[in-house]
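This report concerns only the one structure given below.
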């Protein structure tokens, strides 16, 4: 499979003299190329976004919302093409890839339902005081490789609906589908409103340091997020940072093991565990630990891991070689330290495939427990006391998401309220909607995405004092 895609700058297709090689992670072979943006491309994209800003910001909110719906419809109309590109560059099985593309289209349409509120904080005989929300300016949006289409749609639908213009950069590992969306939306959005450029590791720092941006929206690692925040401080850019997580799931002893085991498994391993909000530490009550461990291990040995273009594959490869080597190293470290490692079923020899791996009750200070692997290795951890397990779950620098499983919903809610995370699911996993804010505590990020609160992240307030009687 090959793909010829261009960057989108000021509504036009733009190629570049230098290219990125795009690797299919299922084969570890280059299958396509993408443009590699230079500093002049970045400057042109920012200039286009700045030029388009006054007219776009000045549009009535309802007109921008209608264009967001049209953008969503355009993505949905091209779902099959985008899904094929997605699977080739990202590795995820085709059905799941198409679900992400469809979700991205629906995200545009879902966010379009939100309006920017005008808050009346005083309405007295003397005056009326209103707080309005308006666009910040040109947004720098940087998207990771694990959910390249959905997370791009979050940033586009929020930022553009609020009246900002944008320059969006996909990951150099997964540029193709996002560049193609830029091409598709040229027929929907005015020139300069959305600019999509692709580049290597050098492009991100150039963007975050660029004085033409008023806000940075970034999803990725905590280490990179810290560097972006430091860069943004130089000219006080606003930031939204959705960063790493080492998410804990607590299973109470009253659950139905046959019912919950497959759900727990998918909550940890979906997208080959390359999900920031996936379960990465699974705490299981001692009374059910052995039985649930064995059920999870049986699933790990039987679930099909293979190329995403094979219809029976449930899990694909790791997306890129650096991540593949890192996770392989974590598995090797666990085995070398004498931990009980429960290997999953066979995986292909070619490509960046690793077995779905469980670690049986390792100490809390082991790397496999303390660090976010972002790959298919899951520590299973025994507990006996609810206060003890909550303390263990909270003993992390991260606080992105968590989950509690129990037939007693009241007890599960009580546990959820004590977890230091931005999101907690009860008897479910990985649920997000356009209406529900997602954000992290501690080192898991700053700000939120989605919902009205996420939309407001792309605005700044303006307080207007309106007298009710003549003055002077």
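Numbering (the working numbering), first residue to last: 350 to 821.
Yeah, the Cβ is synthetic: ideal placement off N, Cα and C, and Gly gets one too.
Every value quoted in this text rests on a predicted model; they were computed, and no experiment measured them.
Measuring alpha carbon to alpha carbon, tell me which of the options ends up nearest residue i.
i: residue 679; options: 727, 440 and 528; result: 727
i: residue 437; options: 759, 498 and 657; result: 657
i: residue 526; options: 702, 433, 805 and 757; result: 433
i: residue 416; options: 487, 511 and 609; result: 511
i: residue 839; options: 717, 379, 404 and 588; result: With the chain covering only 350 through 821, there is no way to say anything about residue 839.
i: residue 746; options: 690, 807 and 597; result: 597
i: residue 583; options: 559, 368, 566 and 431; result: 559
i: residue 507; options: 530, 464 and 549; result: 464
i: residue 448; options: 497, 479 and 487; result: 497
i: residue 459; options: 502, 469, 479 and 480; result: 502
i: residue 708; options: 520, 669, 734 and 643; result: 643
i: residue 303; options: 537, 493 and 514; result: In the structure as shown, the chain begins at 350 and stops at 821. Residue 303 is therefore absent and cannot be evaluated.
i: residue 792; options: 667, 578 and 695; result: 578
i: residue 516; options: 353, 556 and 587; result: 556
i: residue 705; options: 405, 575, 695 and 775; result: 695
i: residue 519; options: 400, 689 and 489; result: 489
i: residue 406; options: 541, 378 and 455; result: 541
i: residue 817; options: 392, 363 and 478; result: 478
i: residue 549; options: 367, 732 and 736; result: 367
i: residue 671; options: 358, 360, 513 and 372; result: 372
i: residue 505; options: 628, 738, 587 and 530; result: 530
i: residue 635; options: 738, 363 and 513; result: 738
i: residue 732; options: 638, 665 and 616; result: 638
i: residue 439; options: 677, 715, 655 and 757; result: 655
i: residue 383; options: 353, 401, 411 and 394; result: 353
i: residue 613; options: 399, 588, 735 and 776; result: 776
In the DSSP assignment, what are the bridge partners of residue i?
i: residue 544; result: 516
i: residue 628; result: 596
i: residue 566; result: 490 and 589
i: residue 418; result: Note: residue 418 sits in no beta bridge, so no partner.
i: residue 709; result: 729
i: residue 295; result: With the chain running from 350 to 821 in the structure shown, residue 295 is simply not present.
i: residue 476; result: 816
i: residue 356; result: 363
i: residue 384; result: 368
i: residue 752; result: 598 and 774
i: residue 809; result: 483
i: residue 378; result: 373
Would you please state the rounded distance, in angstroms, between the beta carbons of residue i and residue j? I believe it to be under 8 Å.
i: residue 594; j: residue 730; result: Contact flag wrong, Cβ pair sits at about 16 Å.
i: residue 562; j: residue 725; result: Actually they are not in contact, since the Cβ atoms of residue 562 and residue 725 sit about 36 Å apart, beyond 8 Å.
i: residue 755; j: residue 603; result: 6 Å
i: residue 624; j: residue 495; result: 7 Å
i: residue 632; j: residue 767; result: About 13 Å separates the two Cβ atoms, so there is no contact after all.
i: residue 800; j: residue 812; result: With 8 Å as the limit, residue 800 and residue 812 do not qualify as a contact, their Cβ atoms being about 23 Å apart.
i: residue 814; j: residue 476; result: 6 Å
i: residue 640; j: residue 606; result: 6 Å
i: residue 532; j: residue 355; result: 7 Å
i: residue 485; j: residue 553; result: Between residue 553 and residue 485 the Cβ distance is about 20 Å, and since that is not below 8 Å, they are no contact.
i: residue 701; j: residue 374; result: 5 Å
i: residue 365; j: residue 386; result: 6 Å
i: residue 499; j: residue 453; result: 5 Å
i: residue 803; j: residue 794; result: Not quite, the Cβ-Cβ distance comes to about 12 Å (not below 8 Å), so this is no contact.
With DSSP run on the structure shown, which of helix, strand or coil describes residue i?
i: residue 814; result: strand
i: residue 494; result: coil
i: residue 481; result: strand
i: residue 441; result: coil
i: residue 538; result: coil
i: residue 790; result: strand
i: residue 447; result: helix
i: residue 699; result: coil
i: residue 617; result: helix
i: residue 350; result: With a pLDDT of 42 at residue 350, under the threshold of 50, the modelled position of that residue is not reliable, and the figure given next carries that caveat. Residue 350 falls in the coil class under three-state DSSP.
i: residue 797; result: strand
i: residue 691; result: strand
i: residue 609; result: helix
i: residue 467; result: coil
i: residue 737; result: helix
i: residue 373; result: strand
Kindly indicate if chain C contains any beta-carbon less than 8 Å away from that of residue i.
i: residue 639; result: No chain C appears in the structure shown, which is made up of a single protein chain.
Uninterrupted beta strand (DSSP E) stretches inside the region 636-687 (no shorter than 3 residues): none
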